[in-house]
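Enquirer:
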Amino acid sequence: MSFTIPDDSASAVPRPGLVVGDEVVDLSDPAVGLPSTMAQILALGPAGLARAGTAGSTTAVHHPLDSVRRHAPVPDPPTILAIGMNYRAHVAEMGREPSEYQYWFNKQRTSIAGPDDPIVLPLASSMVDYEGELAMVIGPRCQHVPADRAMEVVAGFTVINDVSARDWQWRTPTFTVGKSFDSHAPCGPEMVTTDELGDPGNLALRTWVNDELRQDSTTADLIFDCAAMIAYLTTAFPLEPGTIIATGTPAGVGAGSDPPRFLADGDVVRIEIEGIGTLRNPVVQGGPPVPVGLD
72 MSFTIPDDSA SAVPRPGLVV GDEVVDLSDP AVGLPSTMAQ ILALGPAGLA RAGTAGSTTA
132 VHHPLDSVRR HAPVPDPPTI LAIGMNYRAH VAEMGREPSE YQYWFNKQRT SIAGPDDPIV
192 LPLASSMVDY EGELAMVIGP RCQHVPADRA MEVVAGFTVI NDVSARDWQW RTPTFTVGKS
252 FDSHAPCGPE MVTTDELGDP GNLALRTWVN DELRQDSTTA DLIFDCAAMI AYLTTAFPLE
312 PGTIIATGTP AGVGAGSDPP RFLADGDVVR IEIEGIGTLR NPVVQGGPPV PVGLD
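First residue of the sequence shown? That's 72 in my numbering, and the numbers climb one at a time after it.
1) What does a CB cutoff of less than 6 angstroms around Ala275 pick up in its chain, not counting 5 residues either side in sequence?
2) In angstroms with no decimal places, state the Cα-to-Cα distance between Ser328 and Pro193.
3) Note the first and the last residue of the continuous alpha helix (DSSP H) segment covering Leu350.
4) Where do the ends of the alpha helix (DSSP H) carrying Cys213 lie?
5) Kindly confirm or deny that the stretch 161 to 176 and the stretch 228 to 238 touch, where touching means at least three C-beta pairs closer than 8 angstroms.
6) For the beta strand (DSSP E) that contains Asp97, what are its first and last residues?
7) Residues in its own chain within less than 6 angstroms of Ser254 by CB, not counting five upstream and five downstream?
8) Note the first and the last residue of the continuous beta strand (DSSP E) segment covering Trp175.
9) Please determine, among Met165, Ala299, Thr181, Ser196, the residue with the shortest C-alpha to C-alpha distance to Tyr382.
10) Just to confirm the assignment, what range does the alpha helix (DSSP H) spanning Glu164 have?
11) If Ala123 sits next to Leu152, beta carbons under 8 angstroms apart, how far is it from one beta carbon to the other, in whole angstroms?
12) Exposed or buried, which one is Ala163 when buried takes at least 16 other CB atoms within 10 Å?
13) Give me the DSSP bridge partner(s) of Met222.
14) Quick check: Leu113 and Val208, are their CB atoms within less than 9 angstroms of each other?
15) Spatial neighbours of Gly127 within its chain, please: C-beta separation below 6 angstroms, excluding the five flanking residues on both sides.
16) Quick check on the DSSP output: the beta strand (DSSP E) that includes Gly155 runs from which residue to which?
17) Would DSSP call Val263 helix, strand or coil?
18) Buried or exposed for Ser73, going by 16 or more other Cβ atoms inside 10 Å?
19) Measure from the alpha carbon of Phe333 to the alpha carbon of each residue in Ser138, Asp200, Gln356, Pro321, then state which is nearest.
20) Are there three or more Cβ pairs, one per stretch, closer than 8 angstroms when the stretch 216 to 227 is compared with the stretch 238 to 250?
21) What residues are listed by DSSP as bridge partners for Phe228?
22) For the structure I just gave you, are there three or more beta carbon pairs, one from the stretch 153 to 160 and one from the stretch 279 to 295, closer than 8 angstroms?
23) Three Cβ pairs or more, each shorter than 8 angstroms: is that satisfied between the stretch 307 to 315 and the stretch 134 to 150?
24) Compute the Euclidean distance between the alpha carbons of His133 and Glu94, then round it to the nearest angstrom.
25) DSSP three-state call for Ala184: helix, strand or coil?
26) Return the CA-CA distance between Arg341 and Glu283, expressed in angstroms with no decimal places.
27) So the candidates are Leu205, Arg140, Asp78; which of them puts its Cα closest to the Cα of Asp187?
28) Using 10 angstroms around the beta-carbon of Val84, count the other beta-carbons present and answer buried if the total reaches 16, otherwise exposed.
29) Going by DSSP, what residue range makes up the beta strand (DSSP E) through Arg167?
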């Protein structure tokens, strides 16, 4: 996980942490001997994660888990990549046919948010939707990775909400703008390492809006599995440490309802993935935008 300590000015930048029971070990503590950011630790590959896993037995500082603010596991990802139409039932609810090829788009890295951070409804959109998804986090820089070795470059898994401004998304064949509004990539609460989670191919995934269950599926419904996604992407370009890969959303999105049901001020979205945890985010209405960087 990544965290800061409220009211501690020295903790303004998120620190990497290891959750041990009801405490978090500060992996940036010199006693651990690791770099000070999650992306730098991930770049070390399995050796870095192995050292992080033993941090609980060092003299590193421990904080009560309920005393820290959690951020996205990688609060500054180099890239957020997302695949569309990758659950069979979701393809059907949207009136589409499964694609022969993987359909990728990117979310701007500035859209990242953490657990309990608000999902802000922009005044520019009236069709903001939720998409509960399993996310992979890349460890070492990698390219040309065969499917049978794909899990070697995945540092771990987390939960992501591919929040989508549908009216903006559907204006063009490329989804980037509609997928990248500020706060529209909540991620967390933690990254569970690949060895700890095991096979990601049959995990229960559920999304609630308030207390209403909207999505109820498993990753067994994926059209392209995690290994196939890694192999496909790295055929074209390298993946950098800390890259977040959203693996698609199951049926039950707001746009798939009749009539559609989009997010509203005061809603709470909760996404739970088996073996990983629960990502919770309130929904708030944004106000008029304030220009930034202008005199």
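For glycine and all other residues, C-beta sits at the position ideal for the given N, C-alpha and C.
Computed from a predicted model, the values in this text were never measured in an experiment.
Expert: Answer, in terms of the structure:
1) Excluding its 5 nearest sequence neighbours in each direction, Ala275 has C-beta neighbours in its own chain below 6 angstroms: Thr289, Glu345, listed in chain order.
2) Using only the alpha carbons, I get a separation of about 22 angstroms.
3) Careful: Leu350 lies outside any alpha helix (DSSP H), inside the beta strand (DSSP E) at 348 to 356.
4) Unbroken run through Cys213: none, as it is neither H nor E.
5) Per the Cβ contact rule, the stretch 161 to 176 is not in contact with the stretch 228 to 238 (fewer than 3 Cβ pairs under 8 angstroms).
6) In the DSSP annotation of this structure, the continuous segment of the beta strand (DSSP E) that includes Asp97 starts and ends at 94 to 97.
7) Cβ neighbours of Ser254 beyond the five flanking positions: Ala184, Ile190, Val191.
8) Looking at the DSSP string, the run of the beta strand (DSSP E) that includes Trp175 is 174 to 178.
9) Because residue 382 is not part of the residues shown, which for the chain are 72 to 366, the question remains open.
10) Taken as a continuous stretch (DSSP letters only), the alpha helix (DSSP H) holding Glu164 covers 159 to 164.
11) Not a contact, Cβ separation roughly 24 angstroms.
12) Within 10 angstroms of the beta-carbon of Ala163 lie fewer than 16 other beta-carbons, which makes it exposed.
13) Looking at the DSSP assignment, Met222 forms no beta bridge with any residue, so it has no partner.
14) The Cβ-Cβ distance between Leu113 and Val208 falls below 9 angstroms.
15) Answer for Gly127: Val91, Val96, listed in chain order.
16) In the DSSP annotation of this structure, the continuous segment of the beta strand (DSSP E) that includes Gly155 starts and ends at 151 to 155.
17) Strand, per DSSP.
18) It is buried - the Cβ of Ser73 has at least 16 other Cβ atoms within 10 Å.
19) Minimum Cα distance to Phe333 is reached at Asp200.
20) With the cut-off at 8 angstroms, the stretch 216 to 227 and the stretch 238 to 250 do not touch.
21) Met207, Val263.
22) Yes, the stretch 153 to 160 touches the stretch 279 to 295.
23) Enough Cβ pairs lie closer than 8 angstroms, so yes.
24) Going by the C-alpha atoms only, they are around 6 angstroms apart.
25) Here Ala184 carries a strand assignment [DSSP, helix/strand/coil].
26) Our two residues, Arg341 and Glu283, have alpha carbons roughly 10 angstroms apart in a direct line.
27) Of the candidates Leu205, Arg140, Asp78, Arg140 places its Cα closest to the Cα of Asp187.
28) By the neighbour-count rule (16 or more Cβ atoms within 10 Å), Val84 is not buried but exposed.
29) Arg167: not part of any beta strand (DSSP E); DSSP gives it neither H nor E.
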